[in-house]
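Chemist: Attaching a single structure in structure tokens format; questions to follow.
2 protein chains.
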Amino acid sequence: MNPVLEAIPGSLIRALNALKRPGDIDLGMGEPTIRPALRPFELAAAQIAAHGCPYTPNAGDPALRAAIAARYACRPEQVCVTVGSQEALWLAIKAMLDPAADELLIISPAYPAYAKIAQLEGVACREVGLDPATGFAPDAARVLAAIGPRTRMVLLATPANPTGRVWPDDQLDRLAEGLQALGDARPWVLVDEVYRELVYLTPRPRPFAARYDRTLVTNSLSKSHALTGLRLGWLLGPEAAIAAAVKAHQFVNTAASTFSQHVAHAIMTGDEPLDAQRPHYEAQRAALLAQLASLGLRHVPPDGAFYCMVQLPDRWAADSVACAHALLDAERVVTVPGAAFGAEGWLRLSWVAERAQLAAGLDRVARFLRG
Amino acid sequence: MNPVLEAIPGSLIRALNALKRPGDIDLGMGEPTIRPALRPFELAAAQIAAHGCPYTPNAGDPALRAAIAARYACRPEQVCVTVGSQEALWLAIKAMLDPAADELLIISPAYPAYAKIAQLEGVACREVGLDPATGFAPDAARVLAAIGPRTRMVLLATPANPTGRVWPDDQLDRLAEGLQALGDARPWVLVDEVYRELVYLTPRPRPFAARYDRTLVTNSLSKSHALTGLRLGWLLGPEAAIAAAVKAHQFVNTAASTFSQHVAHAIMTGDEPLDAQRPHYEAQRAALLAQLASLGLRHVPPDGAFYCMVQLPDRWAADSVACAHALLDAERVVTVPGAAFGAEGWLRLSWVAERAQLAAGLDRVARFLRG
Numbered sequence: 123m124n125p126v127l128e129a130i131p132g133s134l135i136r137a138l139n140a141l142k143r144p145g146d147i148d149l150g151m152g153e154p155t156i157r158p159a160l161r162p163f164e165l166a167a168a169q170i171a172a173h174g175c176p177y178t179p180n181a182g183d184p185a186l187r188a189a190i191a192a193r194y195a196c197r198p199e200q201v202c203v204t205v206g207s208q209e210a211l212w213l214a215i216k217a218m219l220d221p222a223a224d225e226l227l228i229i230s231p232a233y234p235a236y237a238k239i240a241q242l243e244g245v246a247c248r249e250v251g252l253d254p255a256t257g258f259a260p261d262a263a264r265v266l267a268a269i270g271p272r273t274r275m276v277l278l279a280t281p282a283n284p285t286g287r288v289w290p291d292d293q294l295d296r297l298a299e300g301l302q303a304l305g306d307a308r309p310w311v312l313v314d315e316v317y318r319e320l321v322y323l324t325p326r327p328r329p330f331a332a333r334y335d336r337t338l339v340t341n342s343l344s345k346s347h348a349l350t351g352l353r354l355g356w357l358l359g360p361e362a363a364i365a366a367a368v369k370a371h372q373f374v375n376t377a378a379s380t381f382s383q384h385v386a387h388a389i390m391t392g393d394e395p396l397d398a399q400r401p402h403y404e405a406q407r408a409a410l411l412a413q414l415a416s417l418g419l420r421h422v423p424p425d426g427a428f429y430c431m432v433q434l435p436d437r438w439a440a441d442s443v444a445c446a447h448a449l450l451d452a453e454r455v456v457t458v459p460g461a462a463f464g465a466e467g468w469l470r471l472s473w474v475a476e477r478a479q480l481a482a483g484l485d486r487v488a489r490f491l492r493g
Numbered sequence: 123m124n125p126v127l128e129a130i131p132g133s134l135i136r137a138l139n140a141l142k143r144p145g146d147i148d149l150g151m152g153e154p155t156i157r158p159a160l161r162p163f164e165l166a167a168a169q170i171a172a173h174g175c176p177y178t179p180n181a182g183d184p185a186l187r188a189a190i191a192a193r194y195a196c197r198p199e200q201v202c203v204t205v206g207s208q209e210a211l212w213l214a215i216k217a218m219l220d221p222a223a224d225e226l227l228i229i230s231p232a233y234p235a236y237a238k239i240a241q242l243e244g245v246a247c248r249e250v251g252l253d254p255a256t257g258f259a260p261d262a263a264r265v266l267a268a269i270g271p272r273t274r275m276v277l278l279a280t281p282a283n284p285t286g287r288v289w290p291d292d293q294l295d296r297l298a299e300g301l302q303a304l305g306d307a308r309p310w311v312l313v314d315e316v317y318r319e320l321v322y323l324t325p326r327p328r329p330f331a332a333r334y335d336r337t338l339v340t341n342s343l344s345k346s347h348a349l350t351g352l353r354l355g356w357l358l359g360p361e362a363a364i365a366a367a368v369k370a371h372q373f374v375n376t377a378a379s380t381f382s383q384h385v386a387h388a389i390m391t392g393d394e395p396l397d398a399q400r401p402h403y404e405a406q407r408a409a410l411l412a413q414l415a416s417l418g419l420r421h422v423p424p425d426g427a428f429y430c431m432v433q434l435p436d437r438w439a440a441d442s443v444a445c446a447h448a449l450l451d452a453e454r455v456v457t458v459p460g461a462a463f464g465a466e467g468w469l470r471l472s473w474v475a476e477r478a479q480l481a482a483g484l485d486r487v488a489r490f491l492r493g
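Laid out in structure tokens, this is it:
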């Protein structure tokens, strides 16, 4: 057996989820509860009826690559269609980093799979932590100060999971300028934009890729369109980087599902804006923030995505894992311990549940934490 | 950039395919031309309409795992649902082999991705060649003699791509016995069964997994159901091996497409036998063999799959790549050079094309080789 697999710890998110019983309130997984539109599935089915279900080229259906490129104002050759943004993250790390020499710098708190992918691929990995005292505010100076001689990629999520923070224009500018000053030694920036369509700031910051040349971007339809099971995402970047990624992609799965690519094509060329589901989450967020304020729970107000970090009282601050388990036992509410993301002393609440479930869940969390 | 990617040569199959022009005859790609049944897609669409399109568990929808397990007479915990058999191959090599110590032994001629996956994952790889003079006949003694102290996995394809040879019961028995005699040092056998439903021998040999404990099996619906674009396959093996594979699987793509899993569930629990398309290929094969005989082309009669190896005349025997290009230029027929599979001096013909196209293509190949 490959010893790196044994060394990778299991998922705390899925471990808590596995303890969920019928009737429990789920503020754990980032799985939208609203239903996806069915019209794109009907259009995809018509394509299958007309043309069968053959392979697409490895990099994706040319029509879909063109549609994604049009949305991002780039060329189709800069797009690799992937099996969700999970594969896009894996591809970027696998294709762009040399395990013998390079280091990945992760801005934490962060989605735990980033570090685990690096571990799986034998790539050195270091974290630079944002300051809990500022609510994990984006901080270009901290990130720039953490870059070392081996740093070949910086992983930036905006909106960020678990904090919901969105990097504002001024911080993105500062980061791009600081990196550009490193000249030929400047690292890649891998921007995880999977919550791109769920930004509640106005105006929305301009994308980082417009500011910095060595940028790779991952995204998918999972979160914006309640299509986590579609497994359809993309990796964007300079053509040479995408060509390298496509090479790894073909060996790991040949290509993404042709049916899923048809669904994505219908969405990307359809009349609806990609953020059509945002108003639903804006209303949900307003209800969340009002209830958190009335309950007196200390939290980070999310600028984007559909998570909220709640600060634990002193008696739980050193052990968010124990807290999440005790909360589940006592109140039957699933949450995710901050420790899963490198943020001990916090609890991540997902607020995708139906409104009444969310309200009941928050009441129970508050009751438990007041203890 | 990861230097291993630059070192992996490009695909000869796709390189020839990229030169194809409208009107050319395609005897190259292994892409079925018959149309898939639409009923499983309708059933899958109904599932999406009723339940949305959420993630399944990493290892796959429990109902699909159970349906696959029932077909293979194993337990659901022995099944990991994958993005085609391509991902299943990658997972098996990634999860089971230690790049620092282990070697993969490939029985050649072989599907070129086997060696490239090993190269991508830094796993040492060696080939044991079957004898062209016997038409690449399965030969357990040769394989056993090639096993070295570092060999931790043997890759066995039956039916084999590109030769179409099927391992018969006596050779499978001899291989299993020889491996079992190695005791604790016995390697894994990864059986690529992607053409399992397309076997033209009667009776069909019993599966290798029934004879040998350290067996992993890959398969998919791509070839048996004309669903290459569904990207739905599976890896089977002992529970501990599957648990390790699922761990790697979650980081590379989370899970297979939920829609594709619904399609697969409809097929695996449906009334039709899994080899319902075999009669189509049997008729196609009979026409192929009759025409090859009348044309006087030296070839290996396929026991399974939908390929046929044709031996090149002396003037082309040292350069099948040049031959395939010259054939394409002169006669507008796409084929794959044997060199792509480690079988210099041969040409692989795929016989999935419509009957009239296949017949015309074979005439042209014969005319060209007669020169």
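Protein sequence lines, in the order shown, are assigned to chains A and B. What the first sequence shows, in my numbering, is residues 123 to 493, in sequence order. What the second sequence shows, in my numbering, is residues 123 to 493, in sequence order. Beta carbons: idealized from backbone N, C-alpha and C, even for Gly. This structure is a prediction, so every number in the text was calculated from the model and none was measured.
(1) Are the C-beta atoms of glutamine 208/B and some chain A residue less than 8 Å apart?
(2) Let me check understanding here. Comparing Cα to Cα, which of Ala210/B, His384/B and Thr280/B lies closest to phenylalanine 163/B?
(3) For valine 276/A and threonine 204/A, what's the separation of their Cα atoms in angstroms?
(4) Would you call the CB atoms of alanine 188/A and proline 198/A closer than 8 Å?
(5) With DSSP run on the structure shown, which of helix, strand or coil describes valine 205/A?
(6) Between which residues of its own chain and lysine 216/A is the CB-CB distance below 7 Å, once the five residues before and five after are set aside?
(7) Quick one: complete alpha helix (DSSP H) runs, 4+ long, within the region 345-375 of chain B?
(8) Between leucine 242/A and chain B, is any beta-carbon pair separated by less than 8 Å?
(9) Alpha carbon to alpha carbon, how far is tyrosine 322/B from tryptophan 438/B?
(10) Can you give the Cα-Cα distance for serine 382/B and alanine 388/B, rounded to whole angstroms?
(11) Alpha carbon to alpha carbon, how far is proline 327/A from cysteine 202/A?
(12) If you measure beta-carbon to beta-carbon, which residues of the region 163-196 of chain A are closer than 8 Å to chain B?
(13) Below 8 Å between beta carbons: does that hold for proline 97/A and leucine 320/A?
(14) Considering only the alpha carbon of each residue, which of Leu411/A, Pro125/A and Pro158/A lies closest to leucine 396/A?
(15) Are any of the Cβ atoms in chain A nearer than 8 Å to that of aspartate 335/B?
(16) Over what stretch of residues does the alpha helix (DSSP H) that includes tyrosine 177/B continue unbroken?
(17) Pull up the distance between the alpha-carbon of aspartate 146/A and that of leucine 138/A, whole angstroms please.
(18) So methionine 431/A contacts chain C; which residues on that side make the cut at Cβ distance below 8 Å?
(19) With glutamate 128/A as the anchor, note down where its alpha helix (DSSP H) starts and where it stops.
(20) With a Cβ-Cβ cutoff of 8 Å, do histidine 377/A and proline 179/A count as a contact?
(21) In three-state DSSP terms, what is methionine 151/A?
(22) Shorter than 8 Å from the beta carbon of methionine 123/A to some beta carbon of chain B?
(23) With a cut-off of 8 Å, do at least 3 Cβ pairs link the region 417-424 of chain B to the region 473-489 of chain A?
(24) Using CA atoms only, rank isn't needed, just tell me which of Arg264/B, Thr337/B and Pro271/B is closest to alanine 246/B.
(25) Exposed or buried, what is alanine 309/B when buried is set at 16 or more other beta-carbons lying within 10 Å of its beta-carbon?
(26) Measure the C-alpha to C-alpha separation of leucine 165/A and leucine 304/B and round it to an integer number of angstroms.
(27) Pull up the DSSP beta-bridge partners for asparagine 341/A, would you.
(28) Using beta-carbon positions only, say whether alanine 462/B and proline 234/B come within less than 8 Å of one another.
(29) Between which two residues does the beta strand (DSSP E) containing glycine 286/B stretch?
(30) Where alanine 222/B and alanine 478/B are concerned, what is the direct C-alpha to C-alpha distance, given to the nearest angstrom?
(31) Using DSSP with H/G/I as helix, E/B as strand and the rest coil, what is glutamine 433/A?
(32) With which residues is alanine 246/A paired in a DSSP beta bridge?
(33) With distances taken between CB atoms, is the gap from glycine 464/A to glycine 132/A smaller than 8 Å?
(34) Where does alanine 262/B sit, in a helix, a strand or coil, going by DSSP?
(35) Run down chain B in chain order and give the residues with a C-beta less than 9 Å from the C-beta of aspartate 220/A.
(36) Note down, in chain order, every chain B residue with its Cβ under 8 Å from the Cβ of glutamate 153/A.
Modeler: Put simply:
(1) yes
(2) His384/B
(3) 21 Å
(4) yes
(5) coil
(6) Glu243 and Ala370
(7) Taking only runs of at least 4 residues, the alpha helix (DSSP H) segments lying wholly in the region 345-375 of chain B are 361-375.
(8) Taking Cβ atoms only, chain B reaches closer than 8 Å to leucine 242/A, which makes this a yes.
(9) 31 Å
(10) 10 Å
(11) 24 Å
(12) Phe163, Glu164, Ala167, Ile170, Ala171, Gly174, Cys175, Pro176, Tyr177, Thr178 and Asn180
(13) In the structure displayed, chain A extends from 123 to 493; residue 97/A sits before or after that span and is not available.
(14) Pro158/A
(15) no
(16) No alpha helix (DSSP H) holds tyrosine 177/B; DSSP gives it neither H nor E.
(17) 12 Å
(18) Going by chain labels, chain C is absent from the structure shown, which instead holds the protein chains A and B.
(19) 125-129
(20) It is alanine, not histidine, that sits at residue 377/A in the sequence shown. Result yes, Cβ atoms of alanine 377/A and proline 179/A sit closer than 8 Å.
(21) coil
(22) yes
(23) no
(24) Pro271/B
(25) Reading the sequence as shown, one finds proline at residue 309/B and not alanine. Buried, by the Cβ-count rule.
(26) For leucine 165/A and leucine 304/B, the distance between alpha carbons rounds to 55 Å.
(27) Trp356/A
(28) yes
(29) Run containing glycine 286/B: none; DSSP gives neither H nor E here.
(30) 52 Å
(31) strand
(32) Glu225/A
(33) no
(34) helix
(35) Ordered by position in chain B, the residues that pass the 9 Å Cβ test against aspartate 220/A are Met123, Asn124, Pro125 and Val126.
(36) Pro176 and Tyr177
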